[in-house]
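Residue 140 in numbering that gives the first Met the number 0 sits at position 141 of the sequence shown; the count goes up by one each step and never skips.
Each remark here refers to the structure printed beneath this line.
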Amino acid sequence: MQQLAVSTELDYQSETYKDAYSRINAIVIEGEQEAYDNYINLASLLPDDKEQLTKLAKMENRHMKGFQACGNNLNVTPDMEFAKKYFNQLHQNFQDALAEGKVVTCLLIQSLIIECFAIAAYNIYIPVADPFARKITEGVVKDEYTHLNFGEEWLKAHFEDSKAELQAANKQNLPIVWKMLNQVEKDAQILAMEKESLIEDFMIAYGEALANIGFSTGEIMRMSAYGLRP
Ligand code: Y39
Ligand code: FE
Ligand code: FE
Ligand code: FE
0 MQQLAVSTEL DYQSETYKDA YSRINAIVIE GEQEAYDNYI NLASLLPDDK
50 EQLTKLAKME NRHMKGFQAC GNNLNVTPDM EFAKKYFNQL HQNFQDALAE
100 GKVVTCLLIQ SLIIECFAIA AYNIYIPVAD PFARKITEGV VKDEYTHLNF
150 GEEWLKAHFE DSKAELQAAN KQNLPIVWKM LNQVEKDAQI LAMEKESLIE
200 DFMIAYGEAL ANIGFSTGEI MRMSAYGLRP
């Protein structure tokens, strides 16, 4: 709608577009790299699911290569230093949880929060992407639903034992996503991705995931209230 109208005016070769793309593209490449590492690490915590988690990790590696190609295609050099800093807090929280063997927290960070962030970002990007990147992103976003589904199924099967840890991990990590969104608001806008749409899509995907896992509507509302507000 609004987004499609804007996309017809986008100049993918303008310096303004390419400058914003150097950061957003880097975030996505770094995110995919970290997602690969996270699923490999999760496989060490969940030996029974090792085969599937290794498959998910390999998908993330393919995604990274796809998005590197998108940057190349526009002659953009991704600002990887910026992107590494961008993920620092979530990265550290995942590493801390991993060191303590807190598989529920690791799953919440990667398979719920980061996957929902990816799903929102990619769905909002597709209608305004250049034709090359659009094709790549359409393939990628399908995989991200598979990753989200892995987390949902595991947490649903262990719901009663996981509930308290999920609520604590949500409280710790959801506000970080809000900060991350605010940090890229201007760059996203230049790519014709509206922050309001990103938040809306994130909250829908995240709320649905929490419902599928077993949380009540009231619990979901309380959990969602952490962070994703100005
Ligand atoms: O599971 C995954 O593949 C996730 C790593 C990818 C996260 C991508 C994060 C995208 C944020 C982009 C922000 C654009 C406004
Ligand atoms: Fe991915
Ligand atoms: Fe993923
Ligand atoms: Fe706006």
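We put the beta carbon where it would ideally sit given N, CA and C, even for glycine.
The structure presented is a predicted model; accordingly, all values stated were derived computationally and were not measured.
Do residue 204 and residue 115 have their CB atoms nearer than 7 Å? yes
Helix, strand or coil for residue 136? Go by DSSP, reduced to three states. helix
State the Cα-Cα distance for the pair residue 12 and residue 213, rounded to the nearest angstrom. 46 Å
Enclosing alpha helix (DSSP H) for residue 126 [first to last residue]: Careful: residue 126 lies outside any alpha helix (DSSP H) and carries neither H nor E.
DSSP three-state label for residue 0, please. Because residue 0 carries a pLDDT of 45, less than 50, the predicted location of this residue cannot be relied on, and no value is offered for it.
Three-state class that DSSP yields for residue 75 in the structure shown: coil
Is residue 116 near ligand 1, going by C-beta to nearest heavy atom under 6 Å? yes
What residues sit near ligand 2, counting only those whose C-beta is closer than 7 Å to one of its heavy atoms, in chain order? 31, 34, 58, 59, 62, 117, 139, 142, 143 and 146
Within the present structure, is the beta-carbon of residue 187 separated from the nearest heavy atom of ligand 1 by less than 6 Å? yes
With H, G and I counted as helix, E and B as strand and the rest as coil, what does DSSP make of residue 110? helix
Would the region 193-209 and the region 109-129 be scored as touching if the rule is three or more Cβ pairs under 8 Å? yes
Between residue 102 and residue 45, which are expected to be in contact by the criterion C-beta below 8 Å, what is the C-beta distance as a whole number of angstroms? 6 Å
Using only the alpha-carbon positions, how far apart do residue 29 and residue 111 sit? 18 Å
Nearest to residue 217 (by Cα), restricted to the options 142, 181, 183 and 166: 166
Flag residue 26 as yes when its Cβ comes closer than 6 Å to any non-hydrogen atom of ligand 1, and as no otherwise. yes
Ordered along the chain, which non-local residues of its own chain (more than five positions away) have a Cβ less than 6 Å from that of residue 56? 35, 38 and 39
Using a Cβ-based criterion (distance less than 6 Å to any ligand heavy atom), does residue 210 qualify as near ligand 1? no
Kindly indicate which three-state DSSP category residue 10 falls into: helix, strand or coil? coil
Need the endpoints of the alpha helix (DSSP H) that residue 174 sits in, please. 158-189
Alpha-carbon to alpha-carbon, residue 160 and residue 121: 32 Å
Counting pairs of beta carbons, one from the region 167-181 and one from the region 138-149, are three or more of them closer than 8 Å? no
Determine the burial state of residue 14: buried for a count of at least 16 other Cβ atoms within 10 Å of its Cβ, exposed for fewer. exposed
Under a three-way DSSP split, which group does residue 215 fall into? coil
Looking at C-alpha atoms only, which residue of 168, 195, 169 and 189 is the closest neighbour of residue 180? 195
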